[in-house]
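Here the sequence shown is numbered in the numbering used here, starting from 2 and rising by one per residue.
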Amino acid sequence: MRCATNISSNKMTKVCLLCLIFSLTNIAGCTTAEKKAGVMLDQKGTKDLRGGLTEKEFIKVIHENLHDIRACYETEFKKSKTLRGEIVTKIKVTQVGVVSTKTEKNTTKSKTLSLCVNDAIESWKFPTSMDGKPTEISYPFIFEPF
2 MRCATNISSN
12 KMTKVCLLCL
22 IFSLTNIAGC
32 TTAEKKAGVM
42 LDQKGTKDLR
52 GGLTEKEFIK
62 VIHENLHDIR
72 ACYETEFKKS
82 KTLRGEIVTK
92 IKVTQVGVVS
102 TKTEKNTTKS
112 KTLSLCVNDA
122 IESWKFPTSM
132 DGKPTEISYP
142 FIFEPF
């Protein structure tokens, strides 16, 4: 890629930086016209957390493993570029950290995405609850291309 040389030094620097940024984003596989699959977390998602794990412990596990949920969405997004919506998953964690899930709401209409999300969550490792009680929550994942 070549930058223009017949402009002032200050403008040339700006143009070259833009050329560099554009070049790097293309190398990474991103273009302004291409949509990427994104997963957002509802900040109020832990309002109905019940049981032994604290909100901080629960959110930490979600953040550490969000790449699993994103991978589910990216796989299905490649098949359908209009795929978007929300999946609310009831997550139950026993006092020793064993996880089970059930989809409560799925506005994406993708059963495959829902199953993948549940399988991913069930593979996560949650800490043992300090008070010996199981934890239960209905947690929303919002899927939106960006």
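C-beta: ideal position from N, C-alpha, C; glycine also.
Asked: Given 8 Å, three or more beta-carbon pairs between the stretch 110-122 and the stretch 85-98; Found: yes
Asked: DSSP-derived helix/strand/coil call for S124; Found: coil
Asked: Three-way DSSP call (helix, strand, coil) for V94 in this model; Found: strand
Asked: Inter-stretch contact (C-beta, 8 Å, three-pair minimum) for the stretch 109-116 and the stretch 72-86; Found: yes
Asked: Span of the alpha helix (DSSP H) around V62; Found: 56-80
Asked: Rounded C-alpha distance that separates R85 from P135; Found: 32 Å
Asked: Cβ neighbour criterion (16 or more within 10 Å) applied to F147; Found: exposed
Asked: Sequence-distant residues of the same chain with beta carbon closer than 7 Å to G98, five excluded per side; Found: K126, F127, P128, T129
Asked: Proximity to K112 [Cα-Cα], best of E77, H64, F59, V62; Found: E77
Asked: Alpha carbon of K39 to alpha carbon of I143, nearest angstrom; Found: As written in the sequence, residue 39 is Gly, which differs from the Lys given in the question. Between G39 and I143, the C-alpha separation is close to 8 Å.
Asked: Residues that P141 bridges to, as DSSP identifies them; Found: V89
Asked: Beta-carbon spacing of E123, V100 below 8 Å; Found: yes
Asked: Top-ranked residue by Cα proximity to T83, from I60, K110, T47, R51; Found: K110
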